[in-house]
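Enquirer: Submitted below is the structure of interest, expressed as structure tokens.
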Amino acid sequence: MAPPGVAPAGRMARAARAVERVNMWIARSGAILFVALSLLVIVDVVGRQIFIISSIRSQELEWYLHTVMFCCLVAATYDQDRHVRVDIFRVHWSDKTRDRVEVAGIFLLLLPFATVMLIHSWGFVSQSFTTGETSSSSQGLPYKFLIKSFLLLAFGSLIASAVARLMRLLAGAGEAPRWDLNIWDEE
Amino acid sequence: MTWAMDLLPLLMFVTLFLLIFSGFPVAFVLGGVGVIFGFVGMGFGFFSWIEFFATVTRIWGGVAENLTLIAIPLFIFMGSILDSSGVANDLLLLLKRLLRRMPGGLGIAVVVMGTVLAATTGIVGASVTLMTLLAYPVLVRSHYPSSVAGGVIAASGTLGILLPPSVMLIVLANTFAIPVGNLFLGAVLPGLLLSLAYALFMMLLGLMGKVGRPGASVSSAPSFPGDNDEDGFPRGLWLVVLRGLVAPVVLIAFVLGSIFTGVATPTEAAGMGVLGAVLVALVNGKLRVAAVWKSCLSSGLICGMIFMIFMGAAVFSYVFRSLGGDDAVADVVQSFGLEGWHIIVLMMIVVFIMGCFLDWIEITLIIVPIFMPLLAGVDLFPGMDQTSFLVWLAICLSVNLQTSFITPPFGFSLFFVRGAAGPSLATAAIYRGIIPFVVLQLLVLALVLMVPEMVLWLPDKYLN
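So the protein sequences, as listed, match chains W and C. The letter at position 45 of the first sequence is residue 45 when you use the working numbering, and the numbering goes up by one with no holes. Positions in the second sequence are counted from 1; adding 187 to them yields the working numbering.
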């Protein structure tokens, strides 16, 4: 229950914030895989020098991790406004114009794209689930269908992120708070 | 109905171009225009709903199950960790010390710094920002006009996209289906030639008295506390700095060496590079869990950006092709009777013009594939095998695409310099300052186009 007197705008901004928080945690889980992926590659390389082992499995695990990683990160990249924009005109516009263009872009471009991709990913993933798809190689890894389902996460969280942005724009709540990523000013 | 068939691909391309200027994220414009024109095509009966399913399969096969692309996040991560270990700072100190008496010495120091950062970190945004923060105030204090200072930083910081290990070369290798190692090795000479050209230009400006005064920079810079030499540097400084610098350079030599000699795949080399970067940070006393975690997050956002464009571009290209876009381009080219060199030159001009507005990822993923079918009949150098031809072409494109970072009005590096330098650097000044570097770059591009040996000499010598 929202406390009495809270404007709908405030409620929308808080809903947007909640979505962004979920996206942030998804992104954090994805980002930690940078460490896992590096370790895996290192172990694979070193392991192959020392023991003569087949690395089909670890190579498959590498792209499994890589796929999970970028699927987890696309939504937060939009929240943090880190997707590339060609902003030669945009920089000269008023905030109001920018907001309108953003709303139009979300409705006309982002949502149709992400929705169509989500629907077809659903077909793609469920096909894989029903056949219990595993690696095409006999020595490969099982549970390929699990990895494929991260496509649903990618496009699903992207839609959520777009809706959160819409709510922010409607509530006039500005942009999502930025992560502190500065590694140089610490000392 | 046939008019629609002919017109749709053209209309699709024009729509893409116009909507990109709305400033909405390029990845979503690509995907959105793809989906919308898929719907339009369905209205005319040229496209079917189920074909969108094929785009998902395409994304899966081309982006997810793709072993080459795994090297991208790893190289970005390696660069980010090296960045946080303070390589750039040490480098600038050392170079200022070494080049203090040379005309245009400080400018040359920036060029050398850009070249080393290019090979070690290779993240253009980070290199340019860092170099602006470190070197721009020093340059301006040493009587470098703000336009020249901004120009040399933007141009040198952008070398990272060309010099190996480079994410752009990995993506191009993937597009052309050629080995990454050949491209890495092929890019070495043109990349070094560029940085040599920049350095000579700075020296020329110095000799003409247009920039700085030898030694002026150093004596006017704040001194270091403690026991200093006559130029205001602490004694023994160069030893400390060298120690901090040798490690990353050796690391990159190992990473590239292991790729060139075929010991490791680019992905394996990148993974070992991450390990090496962590060790370098450890040796420099700069290894912090918080910094590594921030490197994970910021590398993650870069990957989210790159791979979203991959997905958007996959949808756009699929629909474009399905609507007959490739044939339309081929028809136009054939109707003008273009062949051989004409096609290559046309490609270079198109990429250069596109580069003023777009950046390398979209160009590599959208424009280059459109030209691919046209290349089949091109035989410019009798006796050259297909791989060598594609390596040469890919490097020509890389040099051209590097220019896209610094061509006004939309050049990423220019924005980074402007953003980091603050209001003291006017947009007009940076546009003016970058022009000589764009010209130098085009000269090198012309040279690489005319002398393929510049690209192929190293790969032929070491890989075949």
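Ideal placement from N, C-alpha and C gives every residue a C-beta, glycine not left out.
Quick check: what's the CA-CA separation for residue 132(C) versus residue 575(C)?
Expert: The shown model of chain C, from 188 to 651, leaves out residue 132(C), and the question about it has no answer.
Enquirer: Look at the Cβ atom of residue 155(W), then the Cβ atom of residue 118(W), and state whether they are nearer than 8 Å.
Expert: Yes, they are a contact pair.
Enquirer: Thinking C-beta only, is residue 268(C) closer than 8 Å to residue 468(C)?
Expert: yes
Enquirer: Please determine, among 266(C), 569(C), 622(C), 599(C), the residue with the shortest C-alpha to C-alpha distance to residue 461(C).
Expert: 266(C)
Enquirer: Give every residue of the same chain whose Cβ lies closer than 8 Å to the Cβ of residue 510(C), excluding the five residues on either side of it in the sequence, and list them in chain order.
Expert: 192, 195, 196, 199, 224, 228, 233, 234
Enquirer: If you draw a straight line from the alpha carbon of residue 595(C) to that of residue 329(C), how long is it in whole angstroms?
Expert: 26 Å
Enquirer: According to DSSP, simplified to helix, strand and coil, what is residue 433(C)?
Expert: DSSP, read as helix, strand or coil, puts residue 433(C) in helix.
Enquirer: For the segment 82 to 95 of chain W, which residues have a beta carbon sitting closer than 7 Å to at least one beta carbon of chain C?
Expert: 82, 83, 84, 85, 86, 87, 88, 89, 90
Enquirer: Name the chain W residues whose beta carbon is nearer than 8 Å to that of residue 260(C)?
Expert: Using a Cβ-Cβ cut-off of 8 Å, residue 260(C) is close to 34, 37, 66, 69, 70 of chain W, given in chain order.
Enquirer: For the alpha helix (DSSP H) that residue 143(W) lies in, which residues bound it at each end?
Expert: Element bounds for residue 143(W): n/a, residue is neither H nor E.
Enquirer: Which runs of the alpha helix (DSSP H), 4 residues or longer, sit entirely within the segment 49 to 129 of chain W?
Expert: 56 to 79, 95 to 105
Enquirer: Under the three-state reduction of DSSP, which class applies to residue 527(C): helix, strand or coil?
Expert: coil
Enquirer: Is it buried or exposed for residue 382(C), if we count other Cβ within 10 angstroms and need 16 for buried?
Expert: Around the beta carbon of residue 382(C), 16 or more other beta carbons lie within 10 angstroms, which makes this residue buried.
Enquirer: Note down the Cα distance separating residue 288(C) from residue 323(C), rounded to an integer number of angstroms.
Expert: 19 Å
Enquirer: Does the segment 243 to 250 of chain C come into contact with the segment 133 to 142 of chain W, if we say contact requires no fewer than three beta-carbon pairs (one atom in each stretch) closer than 8 Å?
Expert: no
Enquirer: Please state whether DSSP places residue 133(W) in a helix, a strand or coil.
Expert: coil
Enquirer: With 16 other CB atoms within 10 Å as the buried threshold, where does residue 628(C) fall?
Expert: buried
Enquirer: Run through DSSP, which three-state label would residue 577(C) get?
Expert: helix
Enquirer: Identify whether residue 490(C) lies in helix, strand or coil by the three-state DSSP scheme.
Expert: If DSSP states are grouped into helix, strand and coil, residue 490(C) belongs with the helices.
Enquirer: Under 8 Å between C-beta atoms, does residue 209(C) make it to chain W?
Expert: Yes, because at least one Cβ of chain W sits closer than 8 Å to the Cβ of residue 209(C).
Enquirer: Any C-beta of chain W within less than 8 Å: which residues of the segment 194 to 219 of chain C qualify?
Expert: When C-beta distances to chain W are compared with 8 Å, the residues of the segment 194 to 219 of chain C below that value are 206, 207, 208, 209, 210, 211, 212, 213, 214, 215, 216, 218, 219, in chain order.
Enquirer: If you reduce the DSSP assignment to three classes, tell me which class residue 191(C) lands in.
Expert: helix
Enquirer: For the alpha helix (DSSP H) that contains residue 14(W), what are its first and last residues?
Expert: It spans 8 to 31 - the alpha helix (DSSP H) in which residue 14(W) sits, taken as one unbroken run.
Enquirer: Just the Cα atoms here: how many angstroms apart are residue 262(C) and residue 526(C)?
Expert: Computed Cα separation, rounded: 38 Å.
Enquirer: Is there contact between the segment 530 to 541 of chain C and the segment 100 to 109 of chain W, where contact requires at least three CB pairs shorter than 8 Å?
Expert: no
Enquirer: Kindly indicate which three-state DSSP category residue 559(C) falls into: helix, strand or coil?
Expert: helix
Enquirer: Heavy atom of the ligand ZN less than 7 Å from the Cβ of residue 381(C), yes or no?
Expert: Only the bare structure without any ligand can be found here, which leaves the ligand ZN out of the picture.
Enquirer: Express the C-alpha separation of residue 279(C) and residue 35(W) in angstroms, rounding to a whole number.
Expert: 30 Å
Enquirer: Examine the Cβ distances between the segment 551 to 566 of chain C and the segment 593 to 609 of chain C and report whether three or more of them are shorter than 8 Å.
Expert: no
Enquirer: Using the three-state DSSP reduction, which class does residue 167(W) fall into: helix, strand or coil?
Expert: helix
Enquirer: Give the residues of chain C in contact with residue 117(W), contact being defined as C-beta atoms less than 9 Å apart.
Expert: Using a Cβ-Cβ cut-off of 9 Å, residue 117(W) is close to 218, 222, 239, 242, 243, 246, 498, 502 of chain C, given in chain order.
Enquirer: Put residue 173(W) into one of helix, strand or coil per three-state DSSP.
Expert: coil
Enquirer: Which residues in the same chain as residue 57(W) place their Cβ atom closer than 7 Å to its Cβ, once the five residues preceding and following it in sequence are excluded?
Expert: Hits under 7 Å: 139, 140, 141.
Enquirer: Is the shortest distance between the beta-carbon of residue 8(W) and the beta-carbons of chain C less than 8 Å?
Expert: no
Enquirer: Please report the distance separating the alpha-carbon of residue 579(C) from that of residue 493(C).
Expert: So the alpha carbons of these two residues sit roughly 25 Å apart.
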